[in-house]
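Structure first, then comments.
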Amino acid sequence: MFPHRHDDDRIDKYTGPYERWIFSEDLGRPFAFPSIRKGPSSHITALMEGEGMLASTDDVEIRVPPLWKDNPDVTPFAMWNKALTPDADPAQDDAELARCLHALNGTRYRLNMPIDPVTWPATYDPNATPEGWQKPKVKPRVIIGVIDDGIPFLHRAFRDAAGDTRINLCWLQAARADTSAAVPFGCEITGTRIDQLRTQFGDQEIRAYKAAHAIDADLPEVDTVLMHHATHGAHIAGIAAGNDPYVGATDLPDDAAVIAVQLPNTIAWDTSGFGKEMMMLSAIEYIFNRARMIAQAYTCPEIPLVINFSYGWSANRHDGQSSFERAVEALITDRRKVQPCTELVMPTGNNFANDMHARFAHRDVEDGAVSFGWQLKPDDRTSSYLEIWLPPDRDPQGWTVTVTPPAGYPPELQQSISVKADPLLKDGDPRQFVELEIGGKNIGQLSADKHQGNRWRVMLAMIPTAGNLGVGRRTPVGLWTVRIDTGSDPLGTGEHIDVWVQRDDDPTQLGTGGQQSYLVDLSHPTPPHVFEPPALTPVRGFGCLNGIGTAPSVFRIAGYMETTLKPSGYSGSASIKVDAQGGAVVDANLPAATATADQGWFRPGLPSIGVLSGSGARIIGTSAAAATATRLIALNFIAGHPARQGFTELYPGITPDARTLARTGPYRVPPVCGTAPKHPQEQPFIGV
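Its first residue numbered 1412, the sequence shown is counted upward by one per residue in the working numbering.
Structure representation (structure tokens):
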């Protein structure tokens, strides 16, 4: 059973269902990523939603990262619970975190991931100039921002013609902190420091990374990732901002400066979407802030800026109204008022073929209800999540959601929830929770919450199906059935219910043991001889767009195969709905363009650099496609052109089929990488 807590000791008093699940020992905490699992959380990141600024208390120190503007609508912050003792009970972590939030007297918070105390500098001045920082040798005509993991800031690809680095600043968010810093946690590496490391260690890049605390086996959020042959961050940074034979692209000039942010490994560890927004928003704010610092050093206006953020998750609202997306939209919109050449490039995602999205319209509901299956795989060592999003601005009357276990399991495992608020849960969003139990032990959480007070969501979180994790409970493997009953308040014409399964893949370098669950269409089963169901059956690839990439101003990039010019089979897509005449209509948040993600059937993916200078690798996905678009946009800004200069207009003078437009967008980015002459001593690519 889930223990009852006083209002002020309840983690869900201020926050949402993910936080309740992740920070509760009786629910999902034993299966969370290491920084949460080990507890207690003395230092933790969070978001405050709403105007105003936070202030520290006697027991809680608050730090806000360098911001581009004062008083944002969504404020990323980190807090240190100074009252927490070393012998605190990890099982009481949720109550302790709730106490800290209560002391801040705010209304809406989103708890994120903890950070290691050694990443917390003794003194922090957000207005200070980074120690040893020098402005770029030449005034940049463009600044390229890269946000990713495992960024090899010493790599030869980022040197200018004189052999000095073009990376002016790099924030390692999870690295050991210096005594004083101009960032609230982690370590900021300046271009001056990068050149010093290269002078000191020469070609011994591994030794240099260890000296810079970018390799640190004692910190799981940094670890030894930069000792691997390749990383996602190396590959993406190489394509977006690097000059190297392995990239095979026209070189960027010396006045293309780079600002990088290396996210913690937890960003890759947990793909559910929980715990990352503060780090991600802080990274974007940081790049905006440091780009302004460079401009001020040259006493010039804001410099053209393009940021590549090749990351995302699958669930979320998909309407641009999540906290992160609203904050990003405000940043881009405000900066464009003073510098129109401002872009944030993100991929559409890689889940088109994975049956992770379903859309149910009025015609799909029979007798006031609709059912679908959720297949959970065996030996999954991470939690699995499913989100059901009701139509916007809809207050359902009498709707219920029922979850039924696979055949052969006891009927008492079935659980239902009404889509309405629990009157006993005050403050925060209207919400209620129930648990799924086997033998009195929790295996799942079923929740209904009116997200941000304007859209109802039902979420199902389940513990791993693996039974050897030492906690004495696991989720039954097989096909779970989810039934949505609309009662006497039917789904209206033009309304639809969206279902998304969160990513649960297994990053190679981390070995999480995740196994991807997927949806099963119970009303339109696919015949055995048919490889794909009809395009607009409820379970569909259309709508599997990046869940944090739907803000209107984000430059979304889908992927295509260079030899066929057709969408890559996995490339994410905008949603499609059926109009009153039965025709297909694409949603507003379609891709801005499509770019090369695969060079051909026998050359999938794109080439780029490995971690160490002189190494190469190949990666598959829309992340690489986004990076190619970033590179071309940077070259356009340098030349004084708009972002889409040189893009191919795909459908001039015609209206394309909605299914086509949803996957490609209106433009195609010409091939950028793998086209320039290669170095004669180039080694074979190693797949990633």
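Beta carbons: idealized from backbone N, C-alpha and C, even for Gly.
- Burial check for PHE1434: the Cβ neighbour count within 10 Å reaches 16 or more, so the residue is buried.
- For LEU1847, the enclosing beta strand (DSSP E) starts and ends at 1842–1849.
- When LEU1512, TYR1929, LEU1824 and ASN2000 are compared, the shortest CA-CA separation from ILE1849 is found for LEU1824.
- Under the criterion of beta carbons closer than 8 Å, LEU1637 and GLY1561 qualify as touching, at roughly 6 Å.
- Excluding five sequence positions before and after VAL1950, the CB atoms of its chain that fall closer than 6 Å to its own CB belong to ASP1766, ALA1769, LEU1930 and ASP1932, given in chain order.
- In the three-state reduction of the DSSP assignment, MET1638 falls in the helix class, which pools H, G and I.
- Remark: C-beta atoms of ALA2073 and ALA1969 do not approach each other more closely than 7 Å.
- About 5 Å separates the beta carbons of ILE1558 and ALA1694, which is inside the 8 Å limit, making them a contact pair.
- A direct Cα-to-Cα measurement between ALA2004 and GLY1819 gives close to 48 Å.
- Within 10 angstroms of the beta-carbon of LEU1976 lie fewer than 16 other beta-carbons, which makes it exposed.
- Bounds of the beta strand (DSSP E) holding GLU1599 are 1598–1601.
- Counting along the chain, HIS1862 sits inside no alpha helix (DSSP H); it lies in the beta strand (DSSP E) bounded by residues 1852–1862.
- In the DSSP annotation of this structure, the continuous segment of the beta strand (DSSP E) that includes ALA1489 starts and ends at 1485–1492.
- In the three-state DSSP reduction, CYS1581 falls in the strand class (E or B).
- When the beta-carbon positions are compared, ALA1623 and ILE1555 stay at least 7 Å from each other.
- About 25 Å separates the beta carbon of GLN1673 from that of GLN1750, a gap too long to meet the 8 Å contact definition.
- VAL1996 counts as exposed, since fewer than 16 other beta carbons sit within 10 angstroms of its beta carbon.
- Pairing PRO1547 with ALA1668 gives a Cβ-Cβ distance under 7 Å.
- The DSSP assignment places 1734–1749 as complete runs of the alpha helix (DSSP H) inside the stretch 1728–1777, in order along the chain (cut-off: 4 residues).
- In this structure, the CA atom of ILE1650 is about 46 Å from the CA atom of PRO1817.
- The beta carbon of ARG1747 sits closer than 6 Å to the beta carbons of THR1753 from its chain, once the five residues preceding and following it are set aside; these are given in chain order.
- VAL1553 is not a Cβ neighbour of PHE1966, given a cutoff of 7 Å.
- Beta-carbon to beta-carbon, THR1892 and SER1782 are separated by about 6 Å, close enough to satisfy the 8 Å threshold.
- In this structure PRO1451 is in contact with LEU1495, their Cβ atoms being roughly 6 Å apart against a cut-off of 8 Å.
- For the pair ASP1915 and GLY1925, the CB atoms are nearer than the 7 Å cut-off.
- Per DSSP, the unbroken alpha helix (DSSP H) holding GLU1430 starts and ends at 1428–1433.
- Of the candidates VAL1869, GLY1855 and TRP1867, GLY1855 places its Cα closest to the Cα of PRO1887.
- A straight line joining the alpha-carbon of ALA1502 with that of PRO1537 spans about 34 Å.
- VAL1756 sits close to ALA2040, with the two beta carbons spaced by under 7 Å.
- Between the stretch 1696–1704 and the stretch 1601–1618, the count of C-beta pairs closer than 8 Å stays below three; the two stretches do not touch.
- Contact fails between the stretch 2059–2079 and the stretch 1719–1737, because fewer than three Cβ pairs, one in each stretch, are under 8 Å apart.
- In terms of CA proximity to GLN1615, LEU1565 leads the group SER1794, GLY1463 and LEU1565.
- Between the stretch 1711–1722 and the stretch 1584–1600, the count of C-beta pairs closer than 8 Å stays below three; the two stretches do not touch.
- Between LEU1580 and PRO1541, the beta carbon gap of about 7 Å places them in contact (Cβ cut-off 8 Å).
- Runs of the beta strand (DSSP E) lying entirely within the stretch 2022–2089, each at least 3 residues long, are 2027–2030 in chain order.
- Around the CB of GLN1913, 16 or more other CB atoms lie within 10 Å, so the residue is classed as buried.
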